[in-house]
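A.B. asks: Position in the sequence shown (from 1) plus 791 gives the number in our numbering.
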Amino acid sequence: MKKPIIEFNNFTFKYRTQKEPTLKDINLTIYENEKILIVGPSGSGKSTLAHCINGLVPFSYEGDITGSLKINGQETKDLDIFTISKSVGTVLQDPDGQFIGLSVGEDIAFSLENDMVPQDEMKQQVIETAKLVKMEDYLQSSLHELSGGQRQRVSLAGVLVDNVDVLLFDEPLANLDPATGQHAIALIDDIQKETNITTIIVEHRLEDVLHRSIDRVIVIDDGKIVSDCPPDELLASTVLEDIHIREPLYVKALKYAGSQITADKKPAHLETLDIKHYKSDLHEWFESTDPSQPIVKTEPILQLKDVSFKYDEQGRTILQDVNFTIDQGEMVSIVGPNGAGKSTLAKVICGFERNQSGTLYLRGEDITKDTIYQRSERIGMVMQNPNHMISKHMIYDEVALGLEKRNVPETEIKERVHETLKICGLYPFRNWPISALSFGQRKRVTIASILVLDPEIIILDEPTAGQDLRHYTEIMEFLLTLNERGVTVLMVTHDMHLMLEYTPRALVIANQGIYADAPAVDILTNETMINEANLKETSLFDLAIRAGINKPREFVARFIDYDREVRQTWQ
């Protein structure tokens, strides 16, 4: 019989600043060597559950606890956060937030130095741990020289070196491109199998996590556990769609086709799915749906001609002779590998960074020498990290700030702020301090603070990172509404479904320039482009191929249109 590692018994937690509990009567046991995925809508309590496991609740986030939580048989309320950290190692969503050392080796060694491990023993442990995460060739490298995926490996090594009993990953895919995210899930799986460490993953991207096997999926909604079962059983149920969590796209396609999905058909992995039972349903659905509509061209609004950029005279060139035109009212994705220059391109367009050569035009007017303020009157940008944008303590004040600086009348400010907060799902929290919000909720605050200004062009860096399907849909449908009014929208994103669903066109940034400028569905069904840009082929395309549909690209396009129509009924 397996040994319990984590045991919640009738556990309830209420933050000190709130009236109602965030977690309600939780009963959950996680055993040694298990690999667990925790999912739930934004604000459901899944992050709070993770914070209880790693000791941040109640030692950093104070509140009232009833019931019991034991780790390795010990009540956590009788321990301190340092003792808990020796049993539970946490890899944060943003690895930069947990780096201490200047080099890879120094950072991995930090915990051992605190424990006064002898130097020879320390070096050996650092080397062995670096090999586990495949970073042994980078021990002397600066952390700032590493890619996003490499930094995550280092933060994982810094936890593994402590020989913890539990590895807790807080949204490990949030800041990674699709291919790197797939490698990260494979790495987590390999380490779990090699070390037998109990592994817990908190993540929105369910399909990506199911790239490798999971023992159980814990689903949380409104502070309660609503499901605890193996992935095959979960996907055969209606639990995910009932609380608006995105199911794997191939599973959703089967359900739209009217197929009866059962656990014995192994739906958790497309490779193991018994497809022969579903072929006729998929063919009938495909033939009954309308063809996708072609892109309609309009007049140009933004043009870049021979734009090049590097961060200093001796630095590596990030962008070289970039040329493209964006039409009025377009919605375009900017995709590519981590570190390719996507965010830099956005900063150059907004004027946060100055291109060394080339010209930028807005409605045919040369804006290359315009100030940041001049560009901000017409181009708005929402940054990837919400903490880089927030300057007020209260949600309402943050969203109202830009309007106040523009001397908008107070009554109009209130009306516009309230309407934007409703669209972004933040109206119930309008009088909350921003410090009480989750990362995903803070992201929505920063989006609201730009959307409320009604710019001609809005650029969003990972607009839906950390959002559940309902809030993803609300934000994207709001952006679509703005787009239909004529606002041009550019999105830097790693979300391939967002790219397919909302942006008929995509720019692929790779090798210092525009590697591809094509319809999104063409890019995500082209193996060469996928490999070059660190993207990932959509499972819809694989499903169509396996089902023998002779127009797999059209199948993908029709699913996207159909799925959006269904979710628009949520609004």
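Glycine included, every Cβ here is placed at the ideal spot set by N, Cα and C.
Given the structure is predicted, the values throughout are model-derived calculations rather than measurements.
Measuring alpha carbon to alpha carbon, tell me which residue in Pro-963, Leu-893, Pro-909 is nearest Ser-933.
C.D. replies: Checked all of Pro-963, Leu-893, Pro-909; the closest Cα to Ser-933 is Leu-893.
A.B. asks: Return the CA-CA distance between Ser-902 and Gln-915, expressed in angstroms with no decimal places.
C.D. replies: Cα to Cα, Ser-902 sits roughly 14 Å from Gln-915.
A.B. asks: If Val-950 and Leu-958 are in contact, beta carbons under 8 Å, what's the gap, nearest whole angstrom?
C.D. replies: Right, the Cβ-Cβ distance comes to about 7 Å (below 8 Å), so this counts as a contact.
A.B. asks: Using the C-alpha atoms, what's the distance from Gly-880 back to Val-908?
C.D. replies: Going by the C-alpha atoms only, they are around 19 Å apart.
A.B. asks: Could you name each continuous alpha helix (DSSP H) segment of 4 residues or more that falls completely within the region 905 to 964, going from the start of the chain to the end?
C.D. replies: Here the runs fully enclosed are 910 to 923, 939 to 951.
A.B. asks: Which stretch, first to last residue, makes up the beta strand (DSSP E) that contains Gly-1171?
C.D. replies: It spans 1170 to 1173 - the beta strand (DSSP E) in which Gly-1171 sits, taken as one unbroken run.
A.B. asks: Go to Asp-981, then tell me how far its alpha helix (DSSP H) extends in each direction, as first and last residue.
C.D. replies: 969 to 986 is the span of the alpha helix (DSSP H), which, as asked, contains Asp-981.
A.B. asks: Where do the N-terminal and C-terminal ends of the beta strand (DSSP E) with Gln-1094 fall, by residue?
C.D. replies: Looking at the DSSP string, the run of the beta strand (DSSP E) that includes Gln-1094 is 1091 to 1101.
A.B. asks: Pull up the DSSP beta-bridge partners for Ser-1018, would you.
C.D. replies: According to DSSP, which records beta bridges pairwise, Ser-1018 is partnered with Val-1010.
A.B. asks: Could you name the residues that DSSP lists as bridge partners for Leu-1151?
C.D. replies: Answer by DSSP bridge pairing, in chain order: Leu-1095.
A.B. asks: Whole-angstrom Cβ separation of Val-1280 and Ile-1249, contact assumed at under 8 Å?
C.D. replies: Confirmed, Cβ separation roughly 5 Å.
A.B. asks: Alpha carbon to alpha carbon, what distance is there between Ile-844 and Asn-1274?
C.D. replies: Answer to the nearest angstrom: the Cα atoms are 43 Å apart.
A.B. asks: Roughly how far, in whole angstroms, is the beta-carbon of Gly-1149 from the beta-carbon of Ser-1099, given that I think they are within contact range, below 8 Å?
C.D. replies: Gly-1149 to Ser-1099, Cβ: 6 Å. Contact.
A.B. asks: For Asn-845, does the three-state DSSP call read helix, strand or coil?
C.D. replies: In this structure, Asn-845 counts as helix in the three-state DSSP scheme.
A.B. asks: Taking the straight line between their C-alpha atoms, what separation do you get for Pro-963 and Gly-1014?
C.D. replies: About 22 Å.
A.B. asks: List the DSSP bridge partners of Pro-795.
C.D. replies: According to DSSP, which records beta bridges pairwise, Pro-795 is partnered with Tyr-822.
A.B. asks: Could you spell out the range, first to last residue, of the alpha helix (DSSP H) harbouring Ser-1167?
C.D. replies: First-last of the alpha helix (DSSP H) with Ser-1167: 1163 to 1167.
A.B. asks: If you measure from the CB of Gln-884, is any heavy atom of the ligand MN nearer than 7 Å?
C.D. replies: Looking for the ligand MN in the displayed structure turns up nothing, as the structure carries no ligands at all.
A.B. asks: Could you check whether Met-1290 and Pro-1254 sit closer than 8 Å to each other, using their CB atoms as the reference points?
C.D. replies: Against a cut-off of 8 Å, the Cβ pair of Met-1290 and Pro-1254 comes out as no contact.
A.B. asks: Which residue comes first and which comes last in the alpha helix (DSSP H) that contains Lys-1205?
C.D. replies: Unbroken alpha helix (DSSP H) run through Lys-1205: 1201 to 1214.
A.B. asks: In this structure, what does DSSP give as the bridge partners for Met-1122?
C.D. replies: Met-1122 pairs with Val-1280.
A.B. asks: Taking one C-beta from the region 1034 to 1054 and one from the region 1064 to 1071 each time, how about it: are there three or more such pairs within less than 8 Å?
C.D. replies: Flag = yes, the region 1034 to 1054 and the region 1064 to 1071 touch.
A.B. asks: Taking DSSP's pairing of strands, which residues face Ala-1054 in a bridge?
C.D. replies: Its beta-bridge partners do not exist; DSSP assigns none.
A.B. asks: Measure the CB-CB distance between Ala-921 and Met-913 and report whether it falls below 8 Å.
C.D. replies: In this structure, Met-913 does not lie closer than 8 Å to Ala-921 by Cβ.
A.B. asks: Please list, in chain order, all residues of the same chain as Ser-1018 whose beta carbon is under 8 Å from its beta carbon, the five residues on each side excluded.
C.D. replies: For Ser-1018, where only same-chain residues beyond five positions count, the Cβ hits under 8 Å are Val-1008, Ile-1009, Val-1010, Leu-1025, Ser-1028, Val-1030.
A.B. asks: Between the region 972 to 981 and the region 1140 to 1159, do three or more beta carbon pairs fall short of 8 Å?
C.D. replies: Segments in contact, no.
A.B. asks: With C-beta atoms as the reference, is Asp-1252 less than 8 Å away from Met-1174?
C.D. replies: Going by C-beta atoms, Asp-1252 is nearer than 8 Å to Met-1174.
A.B. asks: So, is Tyr-1164 buried or exposed, given that buried needs 16 or more other C-beta atoms within 10 angstroms?
C.D. replies: Answer is exposed; the Cβ neighbour count stays below 16.
A.B. asks: Quick check on Ser-1229: does DSSP put it in helix, strand or coil?
C.D. replies: Here Ser-1229 sits in coil by DSSP.
A.B. asks: Looking at the strands, I want to know which residues DSSP matches up with Met-1320.
C.D. replies: Per DSSP, none; premise fails for Met-1320.
A.B. asks: For the beta strand (DSSP E) containing Gly-880, list its first residue and its last residue.
C.D. replies: From DSSP, the beta strand (DSSP E) with Gly-880 extends over 879 to 882.
A.B. asks: Could you tell me if Ile-817 is buried or exposed, where buried requires 16 or more neighbouring beta carbons within 10 angstroms of its beta carbon?
C.D. replies: Flag for Ile-817 reads buried.
A.B. asks: Where does Ser-833 land, buried or exposed, given buried means 16+ other C-beta within 10 angstroms?
C.D. replies: Under this definition Ser-833 is a buried residue.
A.B. asks: Let's test the definition: count the other Cβ atoms within 10 Å of the Cβ of His-1184 and tell me whether it reaches 16, buried, or not, exposed.
C.D. replies: With fewer than 16 other Cβ atoms within 10 Å, it is exposed.
A.B. asks: Could you tell me the boundaries of the alpha helix (DSSP H) in which Arg-1337 lies?
C.D. replies: Residues 1330 to 1338.
A.B. asks: Three or more beta-carbon pairs under 8 Å between the region 1076 to 1095 and the region 1336 to 1353, yes or no?
C.D. replies: Cβ pair count under 8 Å is three or more, so yes.
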